[in-house]
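A quick write-up on the structure given underneath.
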Amino acid sequence: MHVLIISVFTLCSNLAAVKFAPGAAKLAQEFGITSNIVASFTVSIYLLGYVFGPLLLSSMSELYGRLVIYHVCNAFYVAFTIGCALSKNTAMFLVFRFVCGCAASAPMVIGGGTIADLYIASERGKVMAVFALGPLLGPVIGPVIGGFVTERLGWRWTFWIILALVHNFGVDLSETSYI
């Protein structure tokens, strides 16, 4: 069950990285962004969070346990995703999106450690294959879903939908590392 939950977190994390991309033009129009660089940055700053998040999260998971990191990052992710959906200006959106990226990196960074805690070496291959589906499928289906949602409901709904997915999976995790 842990692996399924972490795999869904990883999928949602990767979906969120690119799901918003089709809505970037509408956000730029709404916020009056005229620079193509800033408009592109609204998408890529999430991935910048993916760069900085692991620097802290990997070592913190060894110190405090993986469960604490999962729950804290999930709470941050939920809060700052709400912030993205409710943003009033570009600066606000960029800050919230960066923190979302940092928090969303948790399942990618410590998911392998969780699997190592739960499974013996001979069983890990199949489990890692399931875990790896998130990073593989997210970037493929994210823009398709994001384009549909943006056209039908608006760019802000890309965040509300990903929020609903993430929020429903975070309660069933228990600690896997007791070192």
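For the sequence shown, the residue numbers in mature numbering (1 follows the signal peptide of the UniProt record, and there is no 0) are -16 to -1, 1 to 163. The beta-carbon is built from N, C-alpha and C at its ideal position, and this holds for glycine as well.
- Per DSSP, reduced to three states, the secondary structure at Asn(-3) is helical.
- Here the C-alpha atom of Val62 lies approximately 6 Å from the C-alpha atom of Leu147.
- In this model, Ser42 and Phe(-8) are separated by some 16 Å (Cα to Cα).
- The beta carbon of Phe15 sits closer than 7 Å to the beta carbons of Asn73, Thr74 from its chain, once the five residues preceding and following it are set aside; these are given in chain order.
- For Gly109, the enclosing alpha helix (DSSP H) covers residues 108 to 115.
- Phe132 counts as exposed, since fewer than 16 other C-beta atoms from the protein chains shown sit within 10 angstroms of its C-beta.
- Runs of alpha helix (DSSP H) with 4 or more residues, each lying fully within the stretch 35 to 101, are found at 50 to 70, listed in chain order.
- Across the set Phe82, Leu40, Ser89, the C-alpha of Ser89 shows the shortest separation from the C-alpha of Leu(-6).
- In terms of CA proximity to Lys10, Glu135 leads the group Phe143, Glu135, Val150.
- Taking C-beta atoms as the reference points, Ile99 and Val83 fail to come closer than 9 Å.
- A straight line joining the alpha-carbon of Ile129 with that of Phe64 spans about 21 Å.
- Around the Cβ of Ile104, a 10 Å sphere holds fewer than 16 other Cβ atoms; the residue is exposed.
- Ala59 has its alpha-carbon roughly 15 Å from the corresponding atom of Gly37.
- Measuring C-alpha to C-alpha distances from Phe80 to each of Phe4, Tyr30, Ile(-11) identifies Tyr30 as the nearest.
- Distance between Leu117 and Arg140, taken at the CA atoms: about 26 Å.
- Secondary structure at Gly130: helix, using DSSP grouped into helix, strand and coil.
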